[in-house]
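Below you'll find the structure, written out as structure tokens, and then a few comments.
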Amino acid sequence: MKKLLSFFLSTLFLLTVVNSETTCRNFKSIISFGDSIADTGNLLGLSDPNNLPKVAFPPYGETFFHHPTGRFSNGRLIIDFIAEFLGFPLVPPFYGSQNANFEKGVNFAVGGATALEPSVLEERGIHFAYTNVSLGVQLQSFKDSLPNLCGSPTDCRDMIENALILMGEIGGNDYNYPLFLGKPIEEIRELVPLVITTISSAITELISMGGRTFLVPGEFPIGCAVIYLTLYKTPNKEAYDSSGCLKWLNEFAVYHDDQLQAELNKLRKLYPHVNIIYADYYNALLRLSQEPTKFGLAFLTLPTEPTRPRSLFLFANRIIHSIRVHRQTLACLLRFW
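Count the sequence shown with mature numbering (1 follows the signal peptide of the UniProt record, and there is no 0) and you get residues -20 to -1, 1 to 317, in order.
Written out as structure tokens, the structure is:
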């Protein structure tokens, strides 16, 4: 476990602190947007009770909560460990929550969410939406909820200014859906500038509302995901890297991340008083995929042996990461705070 903590401390976050503050910021809350990587129960709260998603059933939630909570993991998520590190309660989902206390945080991330509006994807023949709660819808929900979250405009600006804002991961599903449909990678690459612009616009709008600190994750090494190794299995050995991951899919993820980082650099120049932190999920998880046993993870895929805990595995199911992978992200934040 110490090796895994040390690895994440050195590789997960490429941090850029662009203002003159050198002391730890005393964040007062967490505001989260994104997809299943950060969803603490929103998709479940939005779902028809007679047609619940798979996260409503075991083995989801089996390790920490001992029951499904709507998280796409067998336990806690990165956002949960961030909240614990800051001394906050776990960030409650906004959608479907009853009598939730949002004083220390509010989460709008929804499993299956896209950065782009569903209509943009549908225009390109991509009809695979898991939910219609795009990043734009999440941001609008946040703005609509401000009177209840903070009251006066002055109080709201103070709340946003002193919050850690998690912007994602978001955008992965904009690529997942066309990949599931077998769309050519050339067509999917055309979505990247649109996704990046959407993320940038959301950050810019939040900055105008007072946002000062943003954590913006990149893409995962999707060429190592079990679902894509299954969907795009090929006898061509040249298609795989030394770890057995599909090279062309990982190259696509790198392309997205390069474009995202370039855009974040532009935002840093435009808003020098704002801290914009890039979270390098790609290289962190690629290393875990390459050497899972070195970091206390048994295999890349889900165990077939019922006696082996899912927390030991890089993927708790075909695409979602297990609790142990989520947990280590907490340590990475120590380099920033």
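C-beta atoms are modelled at their ideal positions from N, C-alpha and C, and glycine is treated no differently.
- When E185, F82, S77 are compared against N128, the one with the closest alpha-carbon: The shortest Cα separation from N128 among E185, F82, S77 belongs to F82.
- Which residues in the same chain have their Cβ closer than 6 Å to the Cβ of M189, if we skip the five residues on either side of it in sequence? Result list for M189: I140, in chain order.
- Query: Quick one: what's A205 bridged to in DSSP?
  - Reply: Under DSSP, A205 forms no beta bridge with any residue.
- Use the C-beta contact count for S9: other C-beta atoms within 10 angstroms, 16 or more gives buried, fewer gives exposed. S9 should be labelled buried.
- Might you give, ordered along the chain, the residues of its own chain that have their beta carbon closer than 6 Å to the beta carbon of S16, omitting 5 neighbours on each side? For S16, where only same-chain residues beyond five positions count, the Cβ hits under 6 Å are F52, G91.
- Find the nearest neighbour of Y262 within the set L244, L144, N230, judged by alpha-carbon distance. For the residues L244, L144, N230, the minimum Cα distance to Y262 belongs to N230.
- Message: Helix, strand or coil, according to DSSP, for Y258 in the structure here?
- Response: Note: Y258 maps to strand in three-state DSSP.
- Query: Rounded to whole angstroms, how far is the Cβ of G55 from the Cβ of P48, which I believe are closer than 8 Å?
  - Reply: In this structure G55 is not in contact with P48, their Cβ atoms being roughly 11 Å apart against a cut-off of 8 Å.
- Item | Status (buried if at least 16 other CB within 10 Å, exposed otherwise) for E170 | Its Cβ having fewer than 16 others within 10 Å, E170 is exposed.
- Query: Going by DSSP, which residues form a beta bridge with V196?
  - Reply: DSSP, once it has assigned bridges, lists Y258 as partnering V196.
- Can you grab the Cα-Cα spacing for the pair Q239 / R248, in whole Å? Roughly 14 Å separates the two Cα atoms.
- Message: Quick check on the DSSP output: the beta strand (DSSP E) that includes I86 runs from which residue to which?
- Response: First, the residue type needs correcting, since residue 86 is Val and not Ile in the sequence shown. It spans 85 to 87 - the beta strand (DSSP E) in which V86 sits, taken as one unbroken run.
- Paired residues, beta bridge with A264 - DSSP: Answer is none; A264 lacks a bridge partner.
- For I168 and F108, the rounded distance between their alpha carbons: Each residue's Cα considered, the two are about 14 Å apart.
- Scan the region 87 to 161 and note each continuous alpha helix (DSSP H) run of 4 residues or more that stays entirely inside, going in chain order. Counting only runs that start and end inside the region 87 to 161, the alpha helix (DSSP H) elements of at least 4 residues fall at 98 to 102, 115 to 129, 133 to 141, 152 to 160.
- Have a look at the DSSP bridge pairing and note the partners of I168. In DSSP, I168 forms no bridge with anything.
- Item | alpha helix (DSSP H) segment containing F65, residue limits | Counting along the chain, F65 sits inside the alpha helix (DSSP H) bounded by residues 58 to 65.
- Task: State the beta-bridge partners of I11 as determined by DSSP.
- Result: DSSP output for I11 lists V86, I145 as bridge partner(s).
- Message: Nearest by alpha-carbon distance to Y251: which of N31, G50, G162, F194 is it?
- Response: Nearest of N31, G50, G162, F194 to Y251, Cα basis: F194.
- Item | A80: first and last residue of the uninterrupted alpha helix (DSSP H) it sits in | Segment: none, A80 is in no alpha helix (DSSP H) and carries neither H nor E.
- Query: Hey, how far is the Cα of Q118 from the Cα of H46?
  - Reply: Q118 and H46: Cα-Cα distance of roughly 29 Å.
- Between the Cα of A259 and those of L70, S269, F7, L244, spot the shortest distance and give me the residue it belongs to. Comparing Cα-Cα distances from A259 to each of L70, S269, F7, L244, the minimum goes to L244.
- Task: With DSSP as the reference, label L226 as helix, strand or coil.
- Result: Residue state for L226 is assigned as strand, using DSSP reduced to three classes.
- For L146 and I256, believed in contact at Cβ under 8 Å, the rounded distance: Incorrect: roughly 12 Å between the Cβ atoms, too far for contact.
- Could you tell me how far apart the beta carbons of P98 and S114 are, in whole angstroms, since I believe they sit closer than 8 Å? The beta-carbon separation of P98 and S114, rounded to 7 Å, stays under the 8 Å limit for a contact.
- Looking at C-alpha atoms only, which residue of I62, G224, G76 is the closest neighbour of L26? Comparing alpha-carbon positions, the option among I62, G224, G76 lying closest to L26 turns out to be G76.
- Message: Suppose the cutoff is 7 Å on Cβ atoms and the five residues either side in sequence are ignored; what does the same chain contact list for Y220 look like?
- Response: Shown here for Y220: same chain residues with a beta carbon closer than 7 Å to its own, the five before and five after excluded, namely L226, K227 in chain order.
- Message: As a quick exercise: from G191, E149, S223, T94, pick the residue whose alpha carbon is nearest that of P158.
- Response: Considering only G191, E149, S223, T94, the residue with the shortest C-alpha distance to P158 is T94.
- Query: With DSSP run on the structure shown, which of helix, strand or coil describes P73?
  - Reply: If DSSP states are grouped into helix, strand and coil, P73 belongs with the strands.
- Item | Beta-carbon proximity list for Q270, same chain, < 8 Å, skipping 5 on both sides | For Q270, where only same-chain residues beyond five positions count, the Cβ hits under 8 Å are S222, S223.
- Item | Exposure label - L280; buried when at least 16 CB within 10 Å | Because the pLDDT of L280 is 49, which lies under 50, any placement of that residue in the model is unreliable, and the number read from its coordinates should be weighed accordingly. In this structure L280 is buried. Its beta-carbon is surrounded by 16 or more other beta-carbon atoms within 10 angstroms.
- Message: Let me confirm a value: F37 is counted as buried when at least 16 other C-beta atoms fall within 10 Å, else exposed. Which label applies?
- Response: F37 should be labelled exposed.
- Task: Please name the residue, chosen from I150, P164, N156, V71, that lies closest to T177 on a Cα-to-Cα basis.
- Result: Minimum Cα distance to T177 is reached at I150.
- Message: Let me confirm a value: H253 is counted as buried when at least 16 other C-beta atoms fall within 10 Å, else exposed. Which label applies?
- Response: Under the 10 Å beta carbon count, H253 is surrounded by fewer than 16 other beta carbons and is classified as exposed.
- Query: Where does V220 fall in DSSP's three states?
  - Reply: The sequence shown places Tyr at residue 220, not Val. DSSP places Y220 in strand when its eight states are reduced to three.
- Task: Look at G105 and P73 and say whether their C-beta atoms are less than 8 Å apart.
- Result: No, the pair does not count as a contact, with Cβ atoms beyond the cut-off.
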